[in-house]
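Residue numbers (the numbering used here): 111 to 392.
Backbone N, C-alpha and C define an ideal beta-carbon position, used for all residues, glycine too.
Everything numeric in this text was worked out from a predicted model, so none of it was measured.
This report refers to the structure that appears directly beneath it.
In structure tokens, the structure reads:
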């Protein structure tokens with residue numbers, strides 16, 4: 111009886127392990143879901159993870175959006191460095207949802223920005239992509255903001271049409287590290303009461319953002335008087351609005367509750383709906 115029970119538990123463990131391996135593979139590869147033609151935007155949408163992010167950071171989100179008919183996951187890009195990346199699938203198809211993964215997922219934002227530029231330059235000349243949307247989480251959002259200030263009006267890359275920022279630590283000292291206590295500087299009519307060096311750099315370069323780029327900025331507040339998602343202060347996220355020229359469309363939303371935690375912002379049905387409405391008018 112005891113031996114039979116051990117065999118049973120072993121079978122369960124093996125089954126669970128096989129399921130996890132299958133899910134891990136699924137969230138990092140191209141997946142064409144059955145159904146009708148996607149009803150989302152014909153503009154390709156890139157999904158960029160944060161510091162130490164993996165395929166699980168954006169994979170489930172992409173799959174949920176695809177199941178709603180808002181696009182298809184047509185490509186996965188694994189970036190090794192500015193000259194080497196592996197492309198699975200075709201990013202140039204209409205309604206493409208494109209997962210971008212950094213092989214070294216602990217890079218600084220300067221390096222990530224440069225590599226993102228080289229990737230989008232390839233999208234432009236090889237796949238004739240002239241516009242993209244971007245969804246970025248955490249430090250990935252900071253990288254995208256820096257990219258927009260350096261290359262947003264560059265003719266060698268596609269125009270960034272719309273951007274969704276999830277929990278971006280725009281006024282943190284180091285967006286790649288969790289700091290405790292959380293950096294939380296009150297916002298005044300003129301901006302944050304204290305600006306980090308990174309934020310000051312952004313303030314000095316904001317004029318280079320293309321005025322056609324539209325922004326949806328989403329912060330999380332888990333409640334209990336914390337005014338943060340557990341990692342990034344709401345004030346740090348919302349400090350983005352002071353960095354954008356008046357010509358740019360800007361919308362901000364604070365989602366609340368347990369699933370507004372930093373690592374769950376991309377696993378939040380309310381966030382899914384906000385993305386759908388902003389990018390795909392759904």
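Residue i to residue j span [Cα, whole Å]
i           : j           : result
residue 336 : residue 234 : 43 Å
residue 110 : residue 366 : Given a span of 111 to 392 for the chain in the structure shown, any question on residue 110 remains unanswerable.
residue 196 : residue 263 : 26 Å
residue 161 : residue 256 : 15 Å
residue 154 : residue 391 : 15 Å
residue 137 : residue 158 : Bear in mind that the predicted position of residue 137 carries a pLDDT of just 49, short of 50, making it unreliable; the figure below should be weighed with that in mind. Approximately 14 Å between the Cα atoms of the pair.
residue 301 : residue 181 : 37 Å
residue 379 : residue 229 : 30 Å
residue 338 : residue 347 : 9 Å
residue 385 : residue 274 : 7 Å
residue 204 : residue 227 : 21 Å
residue 131 : residue 166 : Note that residue 131 scores 41 on pLDDT, short of 50, meaning its location in the model is unreliable and no value can be drawn from it.
residue 135 : residue 213 : The predicted position of residue 135 is uncertain, since its pLDDT is 46 and thus under 50; a value taken from the coordinates is nonetheless stated next. Answer to the nearest angstrom: the Cα atoms are 15 Å apart.
residue 389 : residue 292 : 31 Å
residue 206 : residue 364 : 27 Å
residue 156 : residue 382 : 15 Å
residue 355 : residue 294 : 23 Å
residue 189 : residue 215 : 10 Å
residue 313 : residue 242 : 24 Å
Member of the options whose CA lies at the smallest distance from the CA of residue i
i           : options               : result
residue 265 : 348, 205 and 320      : 320
residue 248 : 221, 280, 257 and 224 : 280
residue 186 : 179, 210, 206 and 166 : 210
residue 316 : 215, 254, 267 and 371 : 254
residue 331 : 213, 373 and 177      : 373
residue 192 : 259, 217 and 290      : 217
residue 334 : 287, 243 and 370      : 370
residue 151 : 271, 194 and 261      : 271
residue 357 : 318, 363, 382 and 381 : 318
residue 220 : 351, 177, 140 and 261 : 261
residue 340 : 236, 194 and 368      : 368
residue 324 : 232, 360 and 311      : 360
residue 237 : 225, 250 and 267      : 267
residue 349 : 225, 304 and 322      : 304
residue 311 : 288, 269, 259 and 287 : 259
Cβ-Cβ separation, residue j to residue i (assumed contact under 8 Å), whole Å
i           : j           : result
residue 376 : residue 168 : 6 Å
residue 282 : residue 342 : 7 Å
residue 252 : residue 278 : 6 Å
residue 184 : residue 199 : 5 Å
Which of helix, strand or coil DSSP assigns to residue i
i           : result
residue 346 : helix
residue 131 : Low confidence applies to residue 131: its pLDDT is 41, below 50, so where it sits in the model is not reliable enough to give any reading.
residue 329 : strand
residue 303 : coil
residue 272 : strand
residue 338 : strand
residue 385 : helix
residue 261 : helix
residue 360 : strand
residue 312 : helix
residue 283 : coil
Going residue by residue through the region 172-254, where are the continuous beta strand (DSSP E) segments of at least 3 residues, counting only ones entirely within it?
182-191, 194-199, 206-212 and 241-247
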